[in-house]
Structures are given as structure tokens and as C-alpha cells.
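Heads up, the thing below is written out as C-alpha cells.
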Amino acid sequence: MNFDFSDEQKQMRDAARKFLAEKCPPKAVREVLDGKAPYDKELWKGLAEMGFLGVAIPEEFGGAGAGHLELCVIAEEMGRANAPVPFSSTVYLAAEALLLAGSDAQKQKWLPKIASGEAIGTLALFEGKGNPSPKAIKLQASGGTLNGVKRPVPDGAIADFAVVAARTGSTGRDSDISLFLVDLKAGGVEAKPLTNIDPTRGQAELTFTKAKAEPLGAAGDGWSILTQVLDRAAVLLAFEQVGGSDRALEMGRDYALDRIAFGRPIGSFQAVKHMLADMYVSATLARSNCYYGAWALSTNAAELPEAAAAARISATQAFQHCSKNNIQVHGGMGFTWEFDCHMYYRRANASALTLGSLSYWEDQLIDRMRKKNAA
Amino acid sequence: MNFDDTPQEAAFRAEARAWIQANAPKQYEEELRKSSLGRTVLKGANILEVAKAWQKKKAEAGWACLHWPKEYGGRGASPIERVIWQQEEGPFGKLSGMFIIGHGMCGPTMMAYAGEEQKRKYLPPLASGEKIWCQLFSEPAGGSDVAGLRTRAEKKGDDWIINGQKIWTSGAHYSDYGILLTRTDPNVPKHKGLTMFFLDMKSPGVEVRPIKQASGQSDFNEVYFTDVKIPDSQRLGAVNDGWNVSLTTLMNERMSIGAGVATGFPELFEFCNSLMLEDGPAIEDRSVRSRLANYAVKASGLRYTSMRAISALSKGERPGPENSIGKLVAGSMVQEVAMYALDLQGAAGVLSGPEDAEVASKFQAMLLRAPGTRVEGGTDEIMRNIIAERVLGLPGDIRIDKDVPFNQIPTKGRA
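The listed protein sequences correspond, in order, to chains A and B.
Using numbering that gives the first Met the number 0, you'd call the opening residue of the first sequence number 0 and step up by one each time.
Using numbering that gives the first Met the number 0, you'd call the opening residue of the second sequence number 0 and step up by one each time.
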């Protein structure tokens, strides 16, 4: 047994951290936060040049062919830096869906463009409020075209293509759902940016009007593929959340060491120390759950569904906990636009919802544990 | 990153499994499997005797104290092998409870500070369970503040004369030996006047009085010392260096990871799978599932944190104070789990007779034992201080007694 990343993977993490510290300081995040740009194009280009966008994409499709463990360590650094780029939608959702279900031609068309930074992709799943469910998918597919509205779609306003979940049947079964690939620049799709709690990661409404679409995976397999895509994305996003948790904890710790009140650093008061200790506890539990998720993802183990749900819940809780208490440690200054605390608070709470809410994943976890128990 | 046994690990596992299969006291397996925090009892058998017999059998075949050197009664096994053993030993591992302090803390302290002859004399019977050891640190005036202890040791010829009182001493009532932290110089600041010894618990002047706990059981004791004589040859470490010696003991407590701390989650999950509520099985209730999921990720987080520590240990890295999260998280979780399991039983949850309550009143016993887990071996608050100071690097508490001679530190709060 070796329950740790390899030295090479740790070196990759260090390289990503160094790169992001230089190219993605809080000042760069603020450009997007303040609405001056929809995402950081320079950073996106740089990530492509570093090989990070295609790290888990096989070499034959233009990627580095490294693997998912490597992608996990990069995801952690993306979260730590709060990088304002469409990484999660393009890499965790669109690329994973293509890898799982794409034809050779579809992979050849899109994966090299993802790796090179030329194409931004996303997954168009939700149609208004609610959690992932086949029943909630109303968007209709017929005769190779799609009609309907998806919202919120992460990075939908800047994406070049989307994997779209659509209804192809009405039997009330999961097999009513199929996936489609849509070139968003080919006409028939209107994108409207939506205001959201984390402006560093855009959300949009996509309206499909006779939009040309090609099937992704077999007809009727949509829900089963989607479930797998969401599990994989859950592990990867959980690493981002752990990176963000660690950064929020560090910010709180550093402030507690520097800030003097009543003649002493506030970090010497037990009320503050214990709050920070509890943040460390939740970040550590989340990290350990994520490592298990990374193992299951990288080996495509039968444990992946359960491991993914556990990583997702644990990392969501940790990031929300660490980011809110980082503000608390900072006191009034933490509640200013000027301090960076709110960037992490915004990202934590947006990440908590984007693949389905905490209560959805709690339900999933228990279902999956029961299945394992019964087996 | 992988969970598979290496060929050597697989061979070790097969050997351990076969030996356990052939030798374990199987007649107690079912009872041990069902027992949980707050109640490990065997009907019609003295658990102390069963535990000692199992430990002796293990020692004779080379399966006791796996990580100890062979010459002291161990096996010289790797940390991973130790974990594999624990996995294979399963419910029979619950018979090791009364040896934990001796094997995890007293033994390693002896190994670091006793003379070679003493080590060869005392360690093998400790490993084999023939002799049980306890740790005499805490006092009425020094629990979390253990350096505030007052038991005196005064030199008289080649001996030391001990007078004072210890408290919360686990297992003192069945222990043969103990390691004892005393004050040898009250005229210097509190950390600088302590000395460590080991002693025979049957020495004249040692009196053990069990404490009846809030749970009704008696795991702990008060131990009184009246003119107890200890030869200077039983001193561990230099005179007045006892604080540093005790840090070795406590560090070893942190090294004894892997056993896995009880969280109560497996019991609760099983219970919710079988419990019927008015609207159907508990496990299908939305709010039950949410609670269960929250406990599940804490329990799995602890399990994998411990696996990460074992991986670090096997690579020769020293596990640090970050492992104190195990006790902190599990201690309060077991209490919450017990309260929730009773809540699910409604008014009948108050009944605690094994024949009247659900799952043989397992959760009622857990509830009553749980407050202790948040206090013993370092309170939740001390654990948070350790994490804040030693992991996060926050300033230590302001210690107004740090540079004051011990005998000038105030002893009363409100006058």
C-alpha cells in the first residue's frame, strides 16, 4: 500500500503552484471579478502551454497522456489560486464526457483543441432549479436538432461547444435521456450571461432553437454516461475545493499571526486558535477523502461512485467552513471588497452547487453505500 | 497511489490470517464483534483472563507487539505489517484494550530510558501480557496541566521516597507496574523539577482506589503513595528531566496509530439499515440519510487520514501532531452518534436494559461512556491547542506560571 502521490506527481503540483503564483495572483483574479474580462485569456493560454489542459488527455488526441492523478494535483492548485478560467467545465466535464463516450472522430475534433487551449467546452445539464435528475430534462432532441433552454450552464457564454443532455423518449425511464455534442458557434444557440455569486466562473443561459447536434454515445445511454461524468468531475472539483480550503486556512492563520489586538496577536486567543484548528480538521478530512477518490478515479475502481460522493461532500463542507471562518478571523476587514477573503467565499459556495447540491450528494452517498452493503 | 498489497505484504497477510484462523478464541468472536464503546464484556468469562491468554498465545508465536524489536518480545515488523495484522485480527483486537497503555506508552519509554538489563527483564513479559503496566501522570491538580503535578519524590540514600496522589489512572487496579512522573524540585519552574520512575504496583504504600465513573463503570483509579520506596536504579532519564521523558511517552502515543478510533458510524449505519420508522425503513428517510452521510464522510476521512499517516511512517517519515485530529473528531462524533441513535428510537430510547432496548442497548451504553472520550488522553480543547500551536504555528498560550518557581504558583481560584 502507498496512499500518497508519487514524487513526480508532487513535482507537478509544485510546478503548477509556482506557475499559478506567478501568472494568477489575486490581482489577476480581480480583473475577472470586477467584470473587466469574462475570463483570463492569458492564463488560459499559459495553462495550455504548460500542458495542464491536456494532462489527462491521451497523446493520440493531443494531450500529455499523463493521467487522472496528475490532473488531481493540478486541480488542487487551480482551486488554491482561485483561477478565473473555464478549467472545470472544459476539463472535468466536457473532456471527460468525450473521453468516456466520444467517437474517435469526435475525440479527434475536440480533444486536441481542448489541450491546446483553442476550444472551451462545457456541460449543459440543468434546466432551472433542482438537482441532477432525468425527470428534470425537458430539452427535446429530434431529427438531429435540439430545442429548449438550459440554465445555469457553467462558462456557457464563453464556451465553443457543449455536451447537452436531451430528452429522446417519454417512457419515464433513464433511457429517455441521450447526450449530444453541439458546436455553439454554428448557429441555433443563443447565450445569455447570468449574474452569479462567483463572477470568476461565469454562468449562462443557453437557448437552443433548431440547433444542429450530433449524438454523443449511444441513444438512451445519456443518463448512465452523465452519472459517470458527474462522479469523475466530483473528484476533480473536490481537489479544487481542497486547494481553496487550504488557501483560506492559510490566509486566516497568517492574519491571526499578524493582527494585534489587546496587545497580542489575535492568534494567541483560544477562541481564534480553536476556530483555525477546526478549519484544519475539516480540510484534512476532506483531503483524505479526496485521495481515496483520486485512487478510485485513476484506477476506475468499482468504489468510484461511493468515493466520489464522499470526496464531494467532504470537500464541499471543508471549503464552505474554511472560507466563511477565514472572513470571521479577519473581522471587519474580511468583509471588504478589497480583501481577498470573499473570492474564496464566493467560489466555495458556487462550487458547492455546481454539480448538484450537498443534499443531492448526501443522498447519492447513502444509496451507493447501501448498494455496496447489499452486494 | 495504490491499496494493493505488495507480494511481501500479501505473504505476511496470508500467514497472519492462517495463524489467527487456527488460534483465535473463536467462541468469543460473535460477542466481541457486537461489543462497542462503553461495553466490552463477555458473558460467563473473565475478559481479563481471556485477553491475557490470547496475548500470551500471540507472544509465543511471535505476533505480539509487532513493531518492537525481537529481543524485547516483539517481531521487528514494519508499520504496514502492523496495520495488516490489525486488519486481520479484527474483533479479537478488542481484547488488546488493557495492554494499549503498556504497549503504546510505557514500553517505548522503557525502551528509550531504561538500562539494557532492565529492558530484557521487563519488556518481554509486558509484550506477552503477563504483566500489565499503567501510566501515572495525571493528578487532581494537574490534568490538562500535567506539569502542575505535586506528587513528591525525595532522595534518601539510594532510594527515592514517594508521597502524593495520582488520578484517572486507567487499569491501575489490575496493573503490575507503572511509570510515574513526580516532582523532585519545587523551587524551580514547574517543567524543570520533574523526574520519571517506574515502579512495582505491589510496592508497600501504594493504594489503588477505583473511581466510579458517570457511566457507572470503573476503568480509572485514584492511586495514593505513602512513603513508597523506589530504588534510584528505577529512575528513567536524568533527575529533573522528567518533562522531556514524558514527551517521549506522549509522542509514542501519537505513533501508535493505525488501530483506528471508534466513531460509532458502522454501528449507526447498520442500525439505520434495520430500524423501521412509522413511514418505513429509517435508511430511506431523507433526514436520516443526510445525517448518515455527514457521519460517513467524517469516518472515512479519519480512516484515510490514518492510512496517509501509515504511508508516511512506512517511508521513514515521522507522523506529526496532525494525527491528533483522530481523537478530536471521533471523540465528539461518538457522542453525537449515540444521541442520534437514541433519538431515532423515540421515547423508548430511554430504556437501557439490554433486553429492553434496541440492539441490546448498545447506543445507550455508548452515550453514557462518550463524555469520557472527549476528556481522556487530552481534552478536545487541549487537542485544538496542539493543532493550532504545533501544526498551524500559532502562538502558545500566555503562561503566567512559566518562569515562576513551582512552589510560588497560586493554587486557589476564588479565595
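Glycine included, every Cβ here is placed at the ideal spot set by N, Cα and C.
Proximity of residue i and residue j at Cβ, strictly below 9 Å
i: F179 of chain A; j: P214 of chain A; result: yes
i: P133 of chain A; j: D173 of chain A; result: yes
i: A308 of chain B; j: N322 of chain B; result: yes
i: A23 of chain B; j: P123 of chain B; result: no
i: L135 of chain B; j: K165 of chain B; result: yes
i: I157 of chain A; j: P85 of chain A; result: yes
i: K189 of chain B; j: E129 of chain B; result: no
i: S169 of chain B; j: C133 of chain B; result: yes
i: K297 of chain B; j: M382 of chain B; result: no
i: K228 of chain B; j: I161 of chain B; result: yes
i: C71 of chain A; j: S244 of chain A; result: no
i: E204 of chain A; j: P151 of chain A; result: yes
i: F383 of chain A; j: P25 of chain A; result: The structure shown does not extend to residue 383 of chain A, since chain A is modelled only from 0 to 374, so the question has no answer here.
i: S299 of chain B; j: A309 of chain A; result: yes
i: R166 of chain A; j: L138 of chain A; result: yes
i: R200 of chain A; j: A80 of chain A; result: no
i: N220 of chain B; j: A152 of chain B; result: no
i: A233 of chain A; j: L354 of chain A; result: yes
i: G120 of chain A; j: L92 of chain A; result: yes
i: K22 of chain A; j: L52 of chain A; result: no
Cα-Cα separation, residue i to residue j
i: R368 of chain B; j: G215 of chain B; result: 9 Å
i: I256 of chain B; j: S310 of chain B; result: Model confidence at I256 of chain B stands at a pLDDT of 49, short of 50, so the residue's coordinates are unreliable; what they give is reported in the following sentence. Roughly 11 Å between the two C-alpha positions.
i: L357 of chain A; j: E69 of chain A; result: 26 Å
i: P493 of chain B; j: V328 of chain B; result: Any property of residue 493 of chain B remains undetermined from this structure, which presents chain B solely from 0 to 414.
i: V287 of chain B; j: T378 of chain B; result: 29 Å
i: E28 of chain B; j: E357 of chain B; result: 21 Å
i: M250 of chain A; j: H341 of chain A; result: 12 Å
i: T208 of chain A; j: D159 of chain A; result: 17 Å
i: Y290 of chain A; j: S322 of chain A; result: 21 Å
i: S421 of chain B; j: A337 of chain B; result: There is no way to answer for residue 421 of chain B, as the model of chain B reaches only from 0 to 414.
i: H67 of chain A; j: Q86 of chain B; result: 29 Å
i: D220 of chain A; j: I176 of chain A; result: 7 Å
i: P264 of chain A; j: Y254 of chain A; result: 9 Å
i: K191 of chain B; j: E70 of chain B; result: 34 Å
i: D355 of chain B; j: N272 of chain B; result: 20 Å
i: V222 of chain B; j: W294 of chain A; result: 50 Å
i: D278 of chain B; j: Q344 of chain B; result: 14 Å
i: M306 of chain B; j: S287 of chain A; result: 9 Å
i: E116 of chain B; j: K201 of chain B; result: 21 Å
For residue i, three-class secondary structure by DSSP
i: I256 of chain B; result: Confidence at I256 of chain B is low in this model, with a pLDDT of 49, below 50, so the placement of that residue is unreliable and no value is reported for it.
i: K381 of chain A; result: Only positions 0 to 374 of chain A appear in the structure, and residue 381 of chain A is not among them; the question remains open.
i: R252 of chain A; result: helix
i: S35 of chain B; result: strand
i: S177 of chain A; result: strand
i: L193 of chain A; result: strand
i: K108 of chain A; result: helix
i: R383 of chain B; result: helix
i: Y52 of chain A; result: Just to set this straight, residue 52 of chain A is Leu in the shown sequence, not Tyr. Here L52 of chain A sits in coil by DSSP.
i: I229 of chain B; result: strand
i: I73 of chain A; result: helix
i: R373 of chain B; result: coil
i: G380 of chain A; result: Shown here, chain A extends from 0 to 374; a query on residue 380 of chain A therefore has no answer.
Residue from the options with nearest C-alpha to residue i
i: K211 of chain A; options: A:G186, A:P85 and A:L110; result: A:G186
i: V163 of chain A; options: A:I73, A:T144 and A:G171; result: A:T144
i: K33 of chain B; options: B:E269, B:G101, B:I178 and B:R234; result: B:E269
i: C64 of chain B; options: B:K93, B:V40, B:A44 and B:G106; result: B:G106
i: A276 of chain A; options: B:S127, B:E80 and B:E388; result: B:E388
i: A364 of chain B; options: B:M275, B:G263 and B:E375; result: B:G263
i: A15 of chain B; options: B:Q26, B:E30 and B:W62; result: B:W62
i: A347 of chain A; options: A:N324, A:E126 and A:G62; result: A:N324
i: D157 of chain B; options: B:R234, B:L41 and B:T194; result: B:R234
i: Y112 of chain B; options: B:D3, B:V205, B:Y303 and B:S232; result: B:S232
Within chain C, partners of residue i - CB distance below 7 Å
i: G266 of chain A; result: Absent here is chain C; the protein component of the structure consists of chains A and B.
heavy atom of the ligand HEM below 8 Å from residue i C-beta
i: F405 of chain B; result: Absent from the structure shown: the ligand HEM. Ligands present: none.
| request: Output the residue ranges of the beta strand (DSSP E) runs that lie fully inside the segment 69-137 of chain B and measure 3 residues or longer, sorted by chain position. | output: Contiguous beta strand (DSSP E) elements confined to the segment 69-137 of chain B occur at 132-135, taking only those with 3 or more residues.
| said: Which complete alpha helix (DSSP H) runs does the segment 298-365 of chain A hold, if anything under 4 residues is left out? | reply: Runs of the alpha helix (DSSP H) inside the segment 298-365 of chain A: 303-329 and 340-353.
| message | Give the list of continuous beta strand (DSSP E) stretches no shorter than 3 residues that lie fully inside the segment 276-356 of chain B. | response | As far as the segment 276-356 of chain B is concerned, it has no whole beta strand (DSSP E) run of at least 3 residues.
| field | Any beta strand (DSSP E) of 3 or more consecutive residues that is wholly inside the segment 199-269 of chain A | value | Taking only runs of at least 3 residues, the beta strand (DSSP E) segments lying wholly in the segment 199-269 of chain A are 202-211 and 213-215.
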